[in-house]
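Okay, so here's the structure we're looking at.
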Ligand code: TMO
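Numbering (the working numbering), first residue to last: 12 to 342.
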């Protein structure tokens, strides 16, 4: 039992001195507290901002319950094995567009736990700032890109247009080929590079089309739109004959109302039941995710500050995520 919980139990007994209350605690709170492991819960930090803030918010909520927390940086590629083997324990933002192909099969095999959805709906897709519409009539329909790919050209891609991709593996080159677009993919190493290029283009009103997602800071600060590709269907990836290109798969966009899930090590429910049940209940909406990301990426506040500030302003919300029977150690 850690110090906070021990003090709580001792103080409770000292100050109440009431046998019934002590009995109540022996019957309810104490057995549960003893059942939980004292080992730290390891929360995975990925490489985009809202995930980092939400990880710290989640850690803060767990800490308020007396848990010890460690934060572990990991790529989305490496996180699955670590979660499956209990090396790490929590991933707070599993996005359908970039992660369902790994996550769902592992959940189905019992290697990962699906800890439920956030209310937020997600989209990960090609995106452009609004002022480009003048130079490329027909946007946001993808077919408009057939006529104006060249305006997106850079020295390294000319005469083809440049599509600036994020550091998360996506079948972009296959989609470009399948849809017959004249673009070359240029891939950044971290998301900050996307925002440097976007801010520079916006400042000079030059054309840019890049990987973006929602909820994210961009929608809270810069007017623009996602490209509308043919509507996503799982068959588009699996069945070449599906869609407008009869010979190739990937002739469609990403899901435009994708899920956002929380992922956990399958042993978590037993080892830290109150933390696990809280994780199941944690749920962020689009507006909150976009705003915390904007405060870091655009307003340049620190991740830790934004997380602490969110916790202090939204206590009535996050306390409700903690099951009643687990709230005994909260002030
Ligand atoms: C996983 N991401 C939100 C960066 O697309």
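C-beta atoms are modelled at their ideal positions from N, C-alpha and C, and glycine is treated no differently.
As the structure is a prediction and not an experimental result, all values here were calculated from the model.
CA-to-CA, the gap between residue 143 and residue 103 works out to about 34 Å. Of the candidates 128, 209, 237, 212, 128 places its Cα closest to the Cα of residue 292. Residues 289, 292, 293 of the same chain have their beta carbon placed closer than 6 Å to that of residue 332, with the five preceding and five following residues left out of the count. Residue 135 has its Cβ nearer than 7 Å to a heavy atom of ligand 1. In the structure shown, residue 234 adopts coil according to DSSP, grouped into three states.
Taking the Cβ of residue 109 as the reference point, at least one heavy atom of ligand 1 falls within a distance shorter than 7 Å. Between the C-alpha atoms of residue 339 and residue 137 there is a straight-line separation of about 47 Å. Of 68, 287, 47, the smallest CA-CA separation from residue 314 is found for 68. By the CB criterion at 8 Å, residue 226 and residue 131 fall inside the cutoff. Rounded to the nearest angstrom, the gap between the Cα atoms of residue 207 and residue 53 is 31 Å.
With 16 or more other Cβ atoms inside 10 Å of its own Cβ, residue 173 counts as buried.
Excluding sequence positions up to five before and after residue 113, its CB lies within less than 7 Å of the CB of 91, all in the same chain and listed in chain order. Of the other Cβ atoms in all chains shown, 16 or more fall within 10 Å of the Cβ of residue 254; this residue is therefore buried.
DSSP links residue 225 through a beta bridge to 134. For ligand 1, no non-hydrogen atom lies closer than 7 Å to the CB of residue 270. Around the Cβ of residue 107, a 10 Å sphere holds 16 or more other Cβ atoms; the residue is buried.
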